[in-house]
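One structure is given below, encoded as structure tokens.
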């Protein structure tokens, strides 16, 4: 396929080998402007902002993924397969399912269970495909968390297509299976990485608690906690 793609208006070589992907394109802009050296905007088509710069001299890109598996599926697929990106690290928020998690904790998705159909239709395996993260990136994340004094929890995430849920019956079942937290993109990211032979990892900050709706971060708490997560992710380079 010739570049640019239908969804990314950038030339070949515009992205670094490692891309950080928050869901919100404005958070991608914030990361680029506050953490990267000499950031350059490389994509703005459909409002999905992407930037490339350096961090301590190492090239790195940051770009929004949008919300949900379909959006993450498109952008991560094109980055892996058309722009030759090797590593995508999702940096986002998640709702705690595990009772052992507190607001501001950071979770690392070793695997991503899902209620959606993305993994079934994409992988076309005769059984159920289990999307998992790159072991190499998990090791780097673990070391980076220690270096940045970030409390990191490793385990399975739940990738869901439903943000507003009328009851928690299903989530109770996931909790009994040891799921740490719920988010909306990891399963698609991990599936695309597996198919392309590339590396992916989802790191999320706990911003609310599923079984205690009164427990949620303020805007200021989000800013501080997300900054800790971004510093950790960039330390993986």
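Residue numbers (our numbering): 57 to 293.
All C-beta atoms, glycine included, are put in the ideal place defined by N, C-alpha and C.
Residue state for residue 139 is assigned as coil, using DSSP reduced to three classes. In the three-state reduction of the DSSP assignment, residue 146 falls in the strand class, which pools E and B.
Residue 83 sits buried, since 16 or more C-beta atoms from the chains shown fall within 10 Å of its C-beta.
Separation of residue 232 and residue 66 (C-alpha to C-alpha, rounded to the nearest whole angstrom) is 44 Å.
Looking at the DSSP output, residue 117 sits in a beta bridge with 75 and 108. In this structure, residue 135 lies near residue 71, with their beta-carbon atoms less than 8 Å apart. Residue 212 has 167 as its beta-bridge partners, per DSSP.
Each of 211, 124 and 180 was checked against the Cα of residue 167, and the nearest Cα belongs to 211.
About 13 Å separates the Cβ atoms of residue 270 and residue 151, ruling out a contact at the 8 Å cut-off. According to the DSSP secondary-structure assignment, residue 283 is paired through a beta bridge with no residue.
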